[in-house]
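Engineer: Numbering (the numbering used here), first residue to last: 479 to 959.
For each residue, glycine too, the CB sits at the ideal point set by N, CA and C.
Starting off with a structure, shown below.
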């Protein structure tokens with residue numbers, strides 16, 4: 479049976495079978511060496527000229543060919559030990575080999591960390607790029623991180639529940655990706671920006687502790703730390719306060735990060751108000767590390783609380799069309815987080831009565847780490863009059879509120895418990911853990927900076943028959959002559 483390269487350290491003198499990729503071939507005259515790579519690492523394989531047929535076959539090997547090799551595990555001579563790899567004290571003396579598949583010349587070298595290679599080329603051949611050691615470590619770390627999150631939440635009585643990918647387009651801050659409906663011509667689904675409304679409905683449904691490793695899709699302008707698709711650790715808890723939920727979430731983040739070997743700068747995490755953060759750091763996401771912390775990979779987490787609920791600043795949209803100043807045409811006010819948040823207790827009356835709008839603070843809390851926002855949540859509005867008051871401030875008529883959010887108002891009218899939660903961006907968290915500067919480095923198949931899906935030629939045209947079936951016509955823009 480096949481064993482993995484890492485297992486040869488306990489197989490000295492035994493005949494074993496290895497399968498993997500040829501990483502490097504070195505021809506030393508009467509001896510050929512290859513580095514054989516599998517998912518656990520690299521081992522040196524030796525072919526000697528005494529076995530002419532096998533030696534001749536080894537001479538044909540090229541990088542990234544896939545092979546199966548049987549041989550005896552031997553200790554390497556003291557002067558040939560490689561301390562840089564886990565199997566560096568051992569090698570495999572080949573006795574037989576089968577070439578499982580050949581490879582054309584790789585599009586780029588895999589011995590480097592890949593940062594010097596053009597992004598478009600790396601992502602076109604992402605399935606090859608993923609073979610490099612750095613990418614293997616990152617993607618496996620991502621899996622370990624999510625697994626530890628799951629185990630923590632299961633131990634704390636959370637239930638993992640999936641929510642729909644085809645949902646309704648609602649104004650929650652970003653543009654939606656929309657999906658035409660064949661069965662309902664002229665109607666559209668939206669892909670979820672987040673499971674925000676569904677997780678609140680699950681609290682109304684009595685589950686009390688929910689989580690999901692949720693795929694979220696937003697038609698946003700692309701940045702180094704933002705793509706069309708991302709993954710959230712999505713959580714919601716009933717019968718909780720802001721302080722109780724923050725403590726629970728902090729325990730999860732601390733447990734997971736420390737179990738992976740990371741050091742946290744300060745526990746409990748510092749808590750700073752939005753106003754103080756802006757005054758001290760000039761931003762609501764900041765880096766509390768010193769130079770020594772940065773050199774040693776320390777994680778500096780902090781909470782930011784007491785955000786303004788509403789803003790009258792330019793560039794925000796609460797769902798209406800924007801006027802020439804960039805504000806929503808519905809109202810001078812827009813939400814700063816999302817409209818489902820609860821004001822802090824002492825400001826609830828202001829919201830319901832429509833007073834002191836610019837002074838209302840929300841129960842929102844953001845988690846920042848090493849200059850990134852790595853989580854955001856709040857205690858939610860669980861009474862219908864509070865949600866309706868929020869949309870009234872945003873300029874919605876009763877009719878518009880009912881059309882867009884009537885299902886939420888109805889749900890909150892049927893015994894909704896107090897509840898709150900958070901969403902952690904998996905990619906942002908992995909960027910802080912690994913020190914990577916680009917989101918694409920912590921995703922298996924990210925979008926390119928030009929908004930195309932790696933490997934696949936997407937977006938792309940679809941067949942006219944598909945458009946006809948959906949009742950959609952493409953109107954091409956006329957070129958100016």
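#1: By Cβ distance below 6 Å, which residues in the same chain neighbour residue 648 in space, the five residues on each side in sequence not counted?
#2: Skipping 5 residues on each side, what residues in its chain have a beta carbon closer than 7 Å to that of residue 690?
#3: Buried or exposed for residue 965, going by 16 or more other Cβ atoms inside 10 Å?
#4: Can you tell me whether residue 886 is buried or exposed, with buried defined as 16 or more other CB within 10 angstroms of its CB?
#5: Give the DSSP-derived three-state secondary structure of residue 739 in the structure shown.
#6: For residue 719, count the other beta carbons within 10 Å of its own beta carbon; 16 or more makes it buried, fewer makes it exposed. Which is it?
#7: For a quick check, are the C-beta atoms of residue 789 and residue 821 less than 8 Å apart?
#8: Is it buried or exposed for residue 875, if we count other Cβ within 10 angstroms and need 16 for buried?
#9: Can you list, in chain order, the stretches of the alpha helix (DSSP H) that have 4 or more residues and sit fully within the region 916-957?
#10: Apart from the five residues on each side of it in sequence, which residues of its chain come closer than 6 Å, Cβ to Cβ, to residue 666?
#11: Using three-state DSSP, classify residue 845 as helix, strand or coil.
#12: Closest to residue 455 by CA distance: which of 946, 921, 950 and 953 is it?
#13: Should the region 607-621 be called in touch with the region 550-568, which here means at least 3 C-beta pairs below 8 Å?
#14: Can you tell which of 727, 551, 679 and 735 has the C-alpha that lies nearest to the C-alpha of residue 853?
#15: Give the secondary structure of residue 863 by DSSP, where H, G and I count as helix, E and B as strand, and everything else as coil.
#16: If you draw a straight line from the C-alpha of residue 862 to the C-alpha of residue 828, how long is it?
#17: Considering Cα atoms alone, identify which of 568, 945 and 551 is closest to residue 557.
#18: Rounded to the nearest angstrom, what separates residue 480 and residue 486 at their Cα positions?
#19: First and last residue of the beta strand (DSSP E) that includes residue 854?
#20: Please work out which residues of its chain come closer than 6 Å, Cβ to Cβ, to residue 948, disregarding the five sequence neighbours upstream and downstream, and give them in chain order.
#21: In its own chain, which residues sit with a C-beta less than 7 Å from the C-beta of residue 426, not counting the 5 before and 5 after it?
Structural biologist: Inspection of the coordinates gives the following:
#1: As a first step, residue 648 must be located in the chain shown, where it is residue number 170. Annotation for residue 648: 882 place their beta carbon closer than 6 Å to its own, counting only its chain and skipping 5 residues before and after.
#2: To locate residue 690, count along the chain shown from 1; it is residue 212. Within its own chain, the residues whose Cβ lies closer than 7 Å to the Cβ of residue 690, once the five positions on either side in sequence are excluded, are 638, 639, 640, 641, 673 and 712, listed in chain order.
#3: Residue 965 lies beyond the range of the chain shown here (479 to 959); nothing can be said about it.
#4: In the chain shown, residue 886 corresponds to position 408, counting from 1. By the neighbour-count rule (16 or more Cβ atoms within 10 Å), residue 886 is buried.
#5: In the chain shown, counting from the first residue as 1, residue 739 sits at position 261. When DSSP states are grouped into helix, strand and coil, residue 739 belongs to the coil group.
#6: Numbered from its first residue, the chain shown carries residue 719 at position 241. Burial state of residue 719 is exposed, judged by a 10 Å Cβ sphere holding fewer than 16 other Cβ atoms.
#7: As a first step, residue 789 must be located in the chain shown, where it is residue number 311. As a first step, residue 821 must be located in the chain shown, where it is residue number 343. No. Outside cutoff.
#8: Translated into positions along the chain shown, residue 875 becomes position 397. Residue burial is scored here from C-beta neighbours: residue 875 has fewer than 16 other C-beta atoms within 10 angstroms and is therefore classed as exposed.
#9: Runs of alpha helix (DSSP H) with 4 or more residues, each lying fully within the region 916-957, are found at 942-948, listed in chain order.
#10: Position 188 of the chain shown, counted from the start, is the residue given in the question as residue 666. So the qualifying residues of the chain are 656 and 658.
#11: By 1-based counting over the chain shown, the position of residue 845 is 367. Residue 845: strand per DSSP, three-state reduction.
#12: Since the first residue shown for the chain is 479 and the last is 959, residue 455 is missing from the structure and cannot be characterised.
#13: No, they do not touch.
#14: If you number the chain shown from 1, residue 853 lands on position 375. Closest option to residue 853, judged by alpha-carbon separation, among 727, 551, 679 and 735: 727.
#15: By one-based count along the chain shown, residue 863 stands at place 385. Of the three classes helix, strand and coil, the one that applies to residue 863 here is helix, per DSSP.
#16: Looking up residue 862 in the chain shown gives position 384. Looking up residue 828 in the chain shown gives position 350. Across the structure, residue 862 and residue 828 are spaced so that their CA atoms are roughly 16 Å apart.
#17: Counting from one through the chain shown, the residue named residue 557 turns up at place 79. Distance from the Cα of residue 557 is smallest, within the candidate group 568, 945 and 551, for 568.
#18: Taking the first residue of the chain shown as position 1, residue 480 is located at position 2. Taking the first residue of the chain shown as position 1, residue 486 is located at position 8. Between the C-alpha atoms of residue 480 and residue 486 there is a straight-line separation of about 11 Å.
#19: Here residue 854 corresponds to residue number 376 of the chain shown, with the count starting at 1. Segment 850-857, the beta strand (DSSP E) holding residue 854.
#20: Start at 1 with the first residue of the chain shown, and residue 948 comes out as number 470. Only 658 and 660 meet the Cβ criterion.
#21: As shown, the chain starts at 479 and ends at 959. That puts residue 426 outside it, with no answer to give.
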